[in-house]
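Colleague:
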Amino acid sequence: MRKKDLFDHVIQYFQKEMPIAETELEYQNSFELIVAVILSAQCTDKRVNQITPDLIKRFPNPETMAAAEPSEVFDYIKSCSYPNNKSKHLVGMAQKLIELFGGKVPEDVDELQKLPGVGRKTANVIASVVYNKPAMAVDTHVFRVAARLGLSTGAKNPLQTEMQLVKYIPEELVAKAHHWLILHGRYVCLARKPKCNKCGLTEVCRFYLKETKN
């Protein structure tokens, strides 16, 4: 199957089976989302959603968080992974947000990456979720699912996967496709024991076809 035909098939499948696909992080505005996404690194969305209500109640905007000591932020996020680093990142992010952007979360991926704790993946999430930009955030789920399906080939890092995906996914669907792949990886195409019996893409899945041959 040609690469374009594979992408068309996968997109049609998800459009039918997952017409609504969005982040599972809970947030009310762009500042709350950037906080949640920074916390979500190496941590489940479920855990982040348990942490953010009290954190945001105490630090509802960039100004209050920028004025905090990382140690105080730490007390609110200590149940997530890497709380020491993340507490410093959150305070630094809020300070830079005020210094560089007047407290408004920018929509440009390169601008977003000027904020502490915000790498390309986080920047792409903010740009796509808040501003509906055609940005493809590649986390472990997207990286794995894209490789297994054959949407990406030979990609050695998230950036290579991102470039291959956006080449074939229509611009207006990139933001939603990010969620399709994440949710598929989170609930069906699991890392250790993929639920191939519950997947409707096995007929085109490179991983599945290889496994069944073996």
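Here the sequence shown is numbered in our numbering, starting from 125 and rising by one per residue. Glycine included, C-beta positions come from ideal geometry on N, C-alpha and C.
So the candidates are S211, P186, A299; which of them puts its Cα closest to the Cα of P143?
Modeller: Reading the sequence shown from its first residue, position 19 is the one you call residue 143. Considering only alpha carbons, the answer is A299.
Colleague: Please tell me whether G227 and P184 are closer than 7 Å, where the distance is taken between their beta carbons.
Modeller: Taking the first residue of the sequence shown as 1, we reach residue 227 at position 103. Taking the first residue of the sequence shown as 1, we reach residue 184 at position 60. No, these two residues do not count as a Cβ contact at 7 Å.
Colleague: State whether the segment 212-226 contacts the segment 185-202, with contact taken as three or more CB pairs (one from each stretch) at a distance under 8 Å.
Modeller: Yes: the two stretches touch, three or more of their Cβ pairs being nearer than 8 Å.
Colleague: Closest by CA to E296, which one among M260, K210, R310, A247?
Modeller: Locating residue 296 in the sequence shown gives position 172, counting from the first residue. Nearest option by C-alpha distance: M260.
Colleague: May I ask you to report which of helix, strand or coil DSSP gives E187?
Modeller: Residue 187 sits at position 63 when you count from the first residue of the sequence shown. Note: E187 maps to helix in three-state DSSP.
Colleague: For R244 and K337, what's the separation of their Cα atoms in angstroms?
Modeller: Looking up residue 244 in the sequence shown gives position 120. Looking up residue 337 in the sequence shown gives position 213. One C-alpha to the other measures close to 37 Å.
Colleague: Ignore the nearest five residues each way along the sequence and tell me which others in A270's own chain have a CB closer than 7 Å to its CB.
Modeller: In the sequence shown, the residue the question calls residue 270 occupies position 146. S276, T285, L289, L305.
Colleague: Looking at V229 and S154, is the spacing between their C-beta atoms short of 7 Å?
Modeller: Working through the sequence shown from its first residue, we reach residue 154 at position 30. Working through the sequence shown from its first residue, we reach residue 229 at position 105. Cβ distance < 7 Å, so S154 and V229 count as in contact.
Colleague: Return the chain-ordered ranges of every alpha helix (DSSP H) run that is complete within the segment 266-317 and spans a minimum of 4 residues.
Modeller: 282-292, 298-311, all fully within the segment 266-317.
Colleague: Can the beta-carbon of N173 be found less than 7 Å from the beta-carbon of E150?
Modeller: For the purposes of this step, residue 173 is identified with residue 49 of the sequence shown, where counting begins at 1. For the purposes of this step, residue 150 is identified with residue 26 of the sequence shown, where counting begins at 1. Result yes, Cβ atoms of N173 and E150 sit closer than 7 Å.
Colleague: Could you tell me the boundaries of the alpha helix (DSSP H) in which Y255 lies?
Modeller: Numbered from 1 along the sequence shown, position 131 holds the residue referred to as residue 255. Residues 244-255.
Colleague: Can you tell me where the alpha helix (DSSP H) holding Y200 begins and where it ends?
Modeller: Sequence index remark: in the sequence shown, residue 200 carries index 76 (1-based). Where Y200 is concerned, the enclosing alpha helix (DSSP H) stretches over 194-201.
Colleague: What are the boundary residues of the alpha helix (DSSP H) that includes N153?
Modeller: Position 29 of the sequence shown holds residue 153. Here N153 belongs to no alpha helix (DSSP H), and DSSP marks it neither H nor E.
Colleague: How would you write the range of the alpha helix (DSSP H) that Y332 sits in, first residue to last?
Modeller: Within the sequence shown, the letter at position 208 stands for residue 332. 330-337 is the extent of the alpha helix (DSSP H) around Y332.
Colleague: How many angstroms separate the CA atom of L163 from the CA atom of P240?
Modeller: Sequence index remark: in the sequence shown, residue 163 carries index 39 (1-based). Sequence index remark: in the sequence shown, residue 240 carries index 116 (1-based). Going from the Cα of L163 to the Cα of P240 covers about 12 Å.
Colleague: Go ahead and pull the three-state DSSP assignment for M260.
Modeller: What you label residue 260 is simply residue 136 of the sequence shown in a count that begins at 1. Coil at M260, not helix or strand.
Colleague: Could you give the DSSP three-state label for M125: helix, strand or coil?
Modeller: Taking the first residue of the sequence shown as 1, we reach residue 125 at position 1. It is coil, neither helix nor strand.
Colleague: Determine, using beta carbons only, whether C313 and Y332 come nearer to each other than 7 Å.
Modeller: If you number the sequence shown from 1, residue 313 lands on position 189. If you number the sequence shown from 1, residue 332 lands on position 208. In this structure, Y332 does not lie closer than 7 Å to C313 by Cβ.
Colleague: In terms of residue numbering, what span does the alpha helix (DSSP H) encompassing I117 cover?
Modeller: No answer is possible for residue 117: the residues shown for the chain start at 125 and end at 338.
Colleague: Taking 6 Å as the line, does the beta carbon of E141 fall inside it for any heavy atom of the ligand MN?
Modeller: Among the components of this structure there are no ligands whatsoever, and the ligand MN is therefore not found.
Colleague: CB S203 to CB C167, shorter than 7 Å?
Modeller: Reading the sequence shown from its first residue, position 79 is the one you call residue 203. Reading the sequence shown from its first residue, position 43 is the one you call residue 167. Not in contact: S203 and C167 (Cβ atoms no closer than 7 Å).
Colleague: Return the first residue and the last residue of the alpha helix (DSSP H) that Q219 is part of.
Modeller: Along the sequence shown, one-based indexing puts residue 219 at 95. Here the alpha helix (DSSP H) through Q219 covers 207-225.
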